[in-house]
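Q: Pasting in a structure now, in structure tokens, and then I'll have a few things to ask.
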Amino acid sequence: MRLPPRLAALLLAGAFALAAPAAAFARPVVVFGDSFAIGVASQLRAAGQPTVDLGRVAWSLFARDWTQRLDQLRHAADGAATVVLFLGTNDQWRGGGPAFRARLEQLRAAVPPGVPVLWVGQPTFCRADFAAGAAPIDAALRDAAARNGDGFVVPVGGCDQAGIRATDGIHFTPSGYRAIARQIARHA
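Those letters in the sequence shown? Residues -26 to -1, 1 to 162, by mature numbering (1 follows the signal peptide of the UniProt record, and there is no 0).
Here is the structure:
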């Protein structure tokens, strides 16, 4: 049976489309960190950006699963469009000191050469206990970004912006995470 030329051309084009390599699709943004990373990753994904969510609630750079998390980042970042690092809130009691800074360097070294990295600074906290510890962590994050030639974003959302911050004074609402995701998309 001979196919009409137009149908044969469509079938041939479809076969080539199915055989197209995965690289023809957008490369993912890898979002790594604590609960802030989870919120941002969900909003990037909702906006249509392929996203690998490596966020974990209450995660710290000094968690027991540190080496496994580095391996996860190393694997996920290979071929990524950008790696976003949004963390530090659960390390505030360390004060951004030498051990914290050393972990930031190890974290950065897990990203393969040539993959852009965007660090997200500490947000304005609406609780005094978190606000007090944010400055040293933020300084360490900024320094790590500068040392490595990476991008740095100050997250939007002050305490007086309605609809941006969650009632716990720490996290963001979906609208707040969406605003941060837009900031990231502009820099990624």
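Just so it is clear, CB atoms sit at the ideal spot from N, CA and C, and this is done for glycine as well.
Looking only at its chain, what residues have a beta carbon closer than 7 Å to the beta carbon of residue 197, apart from the 5 residues adjacent to it on each side?
A: Nothing about residue 197 can be reported from this structure: the residues present for the chain run from -26 to 162 only.
Q: Confirm, please, whether the CB-CB distance from L35 to V4 is below 9 Å.
A: Counting from one through the sequence shown, the residue named residue 4 turns up at place 30. Counting from one through the sequence shown, the residue named residue 35 turns up at place 61. No, these two residues do not count as a Cβ contact at 9 Å.
Q: Between N64 and W40, which are expected to be in contact by the criterion C-beta below 8 Å, what is the C-beta distance as a whole number of angstroms?
A: For this step, residue 64 is matched to residue 90 along the sequence shown. For this step, residue 40 is matched to residue 66 along the sequence shown. About 13 Å separates the two Cβ atoms, so there is no contact after all.
Q: Near F6, what residues of its chain come up, given a Cβ to Cβ distance below 6 Å and the 5 sequence neighbours on each side ignored?
A: Translated into positions along the sequence shown, residue 6 becomes position 32. Cβ within range, chain order: L28, L47, L59.
Q: In the DSSP assignment, the alpha helix (DSSP H) including W40 goes from what residue to what residue?
A: Indexing the sequence shown from 1 puts residue 40 at position 66. Element bounds for W40: 40 to 51.
Q: Residue range of the beta strand (DSSP E) that G125 falls in?
A: Position 151 of the sequence shown, counted from the start, is the residue given in the question as residue 125. Per DSSP, G125 belongs to the beta strand (DSSP E) from 125 to 127.
Q: What three-state label does DSSP hand W33 in the structure shown?
A: Within the sequence shown, residue 33 is the residue found at index 59, counting from 1. The answer is coil: DSSP assigns W33 none of H, G, I, E or B.
Q: Between which two residues does the beta strand (DSSP E) containing L92 stretch?
A: The residue you call residue 92 lines up with position 118 of the sequence shown. 91 to 94 is the span of the beta strand (DSSP E), which, as asked, contains L92.
Q: What does the alpha-carbon distance come out to for the pair D8 and I144?
A: Locating residue 8 in the sequence shown gives position 34, counting from the first residue. Locating residue 144 in the sequence shown gives position 170, counting from the first residue. Cα to Cα, D8 sits roughly 12 Å from I144.
Q: My output table needs one value for V14: the three-state DSSP class, helix, strand or coil.
A: Against the sequence shown, residue 14 aligns to sequence position 40. Of the three classes helix, strand and coil, the one that applies to V14 here is helix, per DSSP.
Q: Tell me the rounded alpha-carbon separation between F146 and G95.
A: For the purposes of this step, residue 146 is taken as residue 172 along the sequence shown, with counting starting at 1. For the purposes of this step, residue 95 is taken as residue 121 along the sequence shown, with counting starting at 1. Their Cα atoms are separated by approximately 14 Å.
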